[in-house]
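Residue numbers (our numbering): 202 to 382. Glycine included, every Cβ here is placed at the ideal spot set by N, Cα and C.
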Amino acid sequence: MLAMILPFLAFAGELDGVWRQDCRAGYSREEAFAGAHAAYTERNFRDSACSSLSVETISRGSISLGELVLEPSGARALDFSFESVSLRPIDEKVATLWRERGVCGFRDWRAGVEKEVTGRYCDFFGLGSVVRVPSPGDRKFGIVVPGEGAIFLGRLSPERDGSTPERRPRELDSEPYRKVP
Numbered sequence: 202m203l204a205m206i207l208p209f210l211a212f213a214g215e216l217d218g219v220w221r222q223d224c225r226a227g228y229s230r231e232e233a234f235a236g237a238h239a240a241y242t243e244r245n246f247r248d249s250a251c252s253s254l255s256v257e258t259i260s261r262g263s264i265s266l267g268e269l270v271l272e273p274s275g276a277r278a279l280d281f282s283f284e285s286v287s288l289r290p291i292d293e294k295v296a297t298l299w300r301e302r303g304v305c306g307f308r309d310w311r312a313g314v315e316k317e318v319t320g321r322y323c324d325f326f327g328l329g330s331v332v333r334v335p336s337p338g339d340r341k342f343g344i345v346v347p348g349e350g351a352i353f354l355g356r357l358s359p360e361r362d363g364s365t366p367e368r369r370p371r372e373l374d375s376e377p378y379r380k381v382p
């Protein structure tokens with residue numbers, strides 16, 4: 202039993218730090234772990250080369266690293282419990298558009314200023330498609346696999362969206378998160 206627990210505890214400690222995924226298709230992702238605390242940041246860019254940052258979404262909360270899952274081989278459960286979600290429009294064009302449209306019910310968006318939107322209903326694209334932002338205590342059920350200087354997280358899909366343990370991803374995202382020195 203102790204032989205099974207020691208590698209598990211060692212891996213949990215190896216998660217600590219900042220892990221970044223390379224730019225692809227106009228966005229990049231970052232996971233920051235500190236013990237049971239985590240912050241997930243998605244950065245959206247105006248261009249596919251990720252040279253012109255537009256918006257940041259920051260989800261903060263706690264994680265729990267679980268047992269091995271059946272698929273894929275070597276993956277462990279990694280569950281996230283939301284505490285807060287914030288948006289930060291980076292450029293003035295986005296802030297102005299969001300003020301005009303009252304995104305998430307706010308008309309005081311400012312470029313470079315983070316605003317908490319936890320639990321709100323937001324029409325991000327002005328198309329009448331309202332999205333519920335996670336509330337405190339909402340959970341996402343994922344997976345993680347360690348690699349050489351990298352981690353691989355689960356790939357979400359409509360069928361495997363991580364909304365319940367039964368809908369936990371069963372495939373890994375093809376792009377690794379690399380540890381930031």
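For residue i, the residue or residues it bridges with in DSSP
i           : result
residue 221 : 231 and 379
residue 253 : Looking at the DSSP assignment, residue 253 forms no beta bridge with any residue, so it has no partner.
residue 355 : 373
residue 258 : 243 and 288
residue 321 : DSSP lists no partner for residue 321.
Spatially closest choice to residue i from the options, by CA coordinates
i           : options               : result
residue 387 : 364, 234 and 356      : Coverage of the chain is limited to positions 202 through 382, which leaves residue 387 absent and any answer about it impossible.
residue 313 : 326, 288, 260 and 350 : 288
residue 371 : 382, 275 and 297      : 275
residue 247 : 234, 241 and 224      : 224
residue 266 : 234, 328, 285 and 293 : 234
residue 374 : 311, 353 and 300      : 353
residue 338 : 311, 253, 304 and 281 : 281
residue 257 : 309, 329 and 292      : 292
residue 271 : 359, 345 and 317      : 345
residue 229 : 218, 241 and 245      : 245
Rounded straight-line distance, which links the Cα of residue j to that of residue i
i           : j           : result
residue 251 : residue 243 : 12 angstroms
residue 220 : residue 307 : 31 angstroms
residue 202 : residue 268 : Because residue 202 carries a pLDDT of 35, less than 50, the predicted location of this residue cannot be relied on, and the following value inherits that uncertainty. Distance between the alpha carbons of residue 202 and residue 268 is about 13 angstroms.
residue 349 : residue 377 : 10 angstroms
residue 324 : residue 332 : 6 angstroms
residue 295 : residue 382 : 32 angstroms
residue 322 : residue 261 : 18 angstroms
residue 255 : residue 236 : 30 angstroms
residue 253 : residue 290 : 12 angstroms
residue 304 : residue 320 : 13 angstroms
residue 360 : residue 222 : 23 angstroms
residue 298 : residue 330 : 16 angstroms
Expected contact under 8 angstroms - CB spacing of residue i and residue j to nearest Å
i           : j           : result
residue 239 : residue 263 : 7 angstroms
residue 231 : residue 347 : No, residue 231 and residue 347 are not in contact; Cβ-Cβ is about 17 angstroms, not under 8 angstroms.
residue 300 : residue 327 : Residue 300 to residue 327, Cβ: 13 angstroms. No contact.
residue 283 : residue 366 : Actually they are not in contact, since the Cβ atoms of residue 283 and residue 366 sit about 16 angstroms apart, beyond 8 angstroms.
residue 351 : residue 311 : Residue 351 to residue 311, Cβ: 36 angstroms. No contact.
residue 285 : residue 315 : In fact, because the Cβ distance is near 10 angstroms, the residues do not count as touching under 8 angstroms.
Own chain residues within Cβ distance below 6 angstroms of residue i, not counting five before or after
i           : result
residue 206 : Any reading at residue 206 is ruled out, since the residue's pLDDT is 37, under 50, leaving its predicted position unreliable.
residue 241 : 232 and 260
residue 309 : none
Own chain residues within Cβ distance below 8 angstroms of residue i, not counting five before or after
i           : result
residue 363 : 341, 342, 343, 355, 357, 369 and 370
residue 160 : Not covered by the structure: residue 160. The range shown for the chain is 202 to 382.
7 angstroms Cβ shell around residue i - same chain, five flanking residues per side excluded
i           : result
residue 249 : 226 and 227
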